[in-house]
Amino acid sequence: MLSRLAAASILLLAAACGPAGEPPESNMSTEEAQSLLRVATFNVSLYRDEGGALLSDLQTDENPQLEAVRAIIDRVDPQILVLNEFDYEPSGETLDLFAEQLGLGYDYRLSLPSNTGVPSGADLDGDGRADHPQGSREYGNDAFGYGIHPGQYAIAILSKYPIDEEAVRTFRTLRWKDVPNNLLPTEFYSEEAQEVFRLSSKTHADVPVEVDGETIHMILAHPTPPGFDGPEDRNGRRNHDEIRLLTEYVGGAGWIVDDEGGVGGLSEDAKFFIAGDLNSDPADGDQLEGTEQKAISALIAHPRVQDALPASSGGTAASANQGGANEGQSGDPAYDTSDFSDRRVGNLRVDYVLPSSNLEVVGSGVFWPAPDEPGFELVGPGYPPVSSDHRLVWVDVAL
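If you count by mature numbering (1 follows the signal peptide of the UniProt record, and there is no 0), then the sequence shown holds residues -20 to -1, 1 to 379, one letter each, in order.
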C-alpha cells in the first residue's frame, strides 16, 4: 500500500509498542489512526472436549478464561483478528455470540470447517484399528487432524471490514501425497492411509478482506505440533509440509488445487497477511532430521514475506523467571509467543502475523506484560494458563 503516513510511521516505529507489547497511546489525529490497519492472531485455547460445550460456556454469566481472553482482545482492538483453537460448529452461532460479547464492531465473521476430529476411516496411528469411539484419544489419532470431536481446535476470523466469502479458497482436502517433494513417511503409513491422508491438520485458507477498496488476503493455517509421535517423526514432517504449503502458495505455485478445484497460488501482486499458530520456532524447538532449513525459516525468508519481529518484555521476563528448558535456547525470548512446559520445550515463538513485502509495517507487538506491568493478570506466571498458553500477536500497516 502507498503510505500517506510517513511522519506518523516514524513515530510509531520509534515506539512500536508498549513494554508489554500493547499498542501505545497515540497522539495521531483521527485521520491518521484511520489510515492504519491492525491485524492480529490469537490462539485463544477455547477448545472444549465436547461439541457445543464452548457455546454453553459463552452463555454462562461468569467464565474466568473467557473474561481474560476478551479483555486482551479489547486492549489491542485489531481490525482483523484470527482465532486459533476456537471450536467450529456449522451454524456459526458460537462465533457470532463471541463477537457480540466482545462489542468491538466485528460485523464480519467466518468460522472455517476443520479436519480436526473428522474420521479418516483409516488406521493412521498404526494401532491396527480405525473404529475407536468419539471422545477418545485413539479416535483423535485416526482423524484427519487430531481432535476428539469434529471441529475441535478450529480456525475462525473476525473483521471490521467486509469478508468476500464468495472468493474464499480452502485447501482442507488436499492430500499429503499430492504435494510435490513431500515428506510423507511412507514406511509408517499403510497404502490405504496414504490414499486418504490430508495434508492440513485443520485447514489452510485464503480469506479475502475488502479494506478501503483494496483486497487483503488473509492466509490462515494452524499446522500440527511437531511432536506427539515416534521415531518416524510423522508430525514433524507434516508440520514442515503444512508450512511449506504456505510458502508455495504465496510464491504462486501452479500445482496447488483448492477444495473447489481451483488451480494455482496467489497472484504476484496480491497483498496479504499470513496469520496463525504455525507451531514452529525458527531458532528453537524441534529440527526435522535431514532438512537443511526449517520450513518456518524458509517462509520468513521468502522475498514476498516480511517479518516485523513482534516482541514483548513479558517474554523476556518469563524466560528468566521460569528457567528450565528456556536456559538452553538460542532465540531471543522477547519474540516468544507461547508459554510451554519449562521441563520439556520451554517458551517458543510459534504464532505469526507476516505481512506481504508490498505492505508498509509501522508497528507490531506481542501482548505479554511483565509481572510489574499492567495486564499481567490476564496472562499470569505460567501454568495453569489464565487466558491461554499463547499470546496475542499484532502488526500495524499503513493504508
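Glycine included, every Cβ here is placed at the ideal spot set by N, Cα and C.
Just measuring C-alpha positions, the residue of LEU17, VAL375, GLY1 sitting nearest THR195 is LEU17. With contacts defined by Cβ atoms closer than 9 Å, PRO3 and ASP54 do not form a contacting pair.
Distance from the CA of GLU190 to the CA of GLN59, rounded to the nearest whole angstrom, comes to 12 Å.
In the three-state reduction of the DSSP assignment, GLU228 falls in the helix class.
One Cα belongs to LEU226, the other to ALA201, and the distance between them is close to 8 Å. From the listed residues THR271, ARG178, ASP37, the smallest Cα separation to GLN81 is found for ASP37. Around the beta-carbon of PHE78, 16 or more other beta-carbon atoms lie within 10 Å, marking it buried. Look at the region 269 to 343 and you find these whole runs of beta strand (DSSP E), each 3 residues long or longer: 331 to 335. Where SER36 is concerned, the enclosing alpha helix (DSSP H) starts and stops at 33 to 38. The alpha carbon of SER139 has as its nearest neighbour, out of VAL187, ALA102, PRO93, the alpha carbon of VAL187. A Cβ-Cβ distance of about 6 Å is found for the pair ASP192 and LEU379, placing them in contact under the 8 Å criterion. With fewer than 16 other CB atoms across the displayed protein chains lying within 10 angstroms of its CB, TYR363 is exposed. Per DSSP, reduced to three states, the secondary structure at VAL359 is coil, with no helix or strand assignment. Within the same chain, and ignoring the five residues on either side of GLY115 in sequence, the residues whose Cβ sits closer than 8 Å to its Cβ are ASP29, GLU30, ILE128, HIS129. GLN132 is a Cβ neighbour of THR96, given a cutoff of 9 Å.
Using a Cβ distance threshold of 9 Å, VAL98 and ASN64 do not count as a contacting pair.
Proximity to TYR169 across ARG149, ASN121, ALA134 peaks at ASN121, based on C-alpha coordinates. About 27 Å separates the beta carbon of GLY265 from that of GLY245, a gap too long to meet the 8 Å contact definition. For GLY83, the number of other beta carbons within 10 angstroms of its own is below 16, and it is reported as exposed. ASP261 is not a Cβ neighbour of GLY295, given a cutoff of 9 Å. A direct Cα-to-Cα measurement between THR150 and ALA48 gives close to 31 Å.
Straight-line measurement puts the Cα of SER94 at about 16 Å from the Cα of TYR119.
The three-state reading of DSSP puts ASN219 in helix, counting H, G and I together. The continuous alpha helix (DSSP H) containing GLU175 extends over residues 171 to 176.
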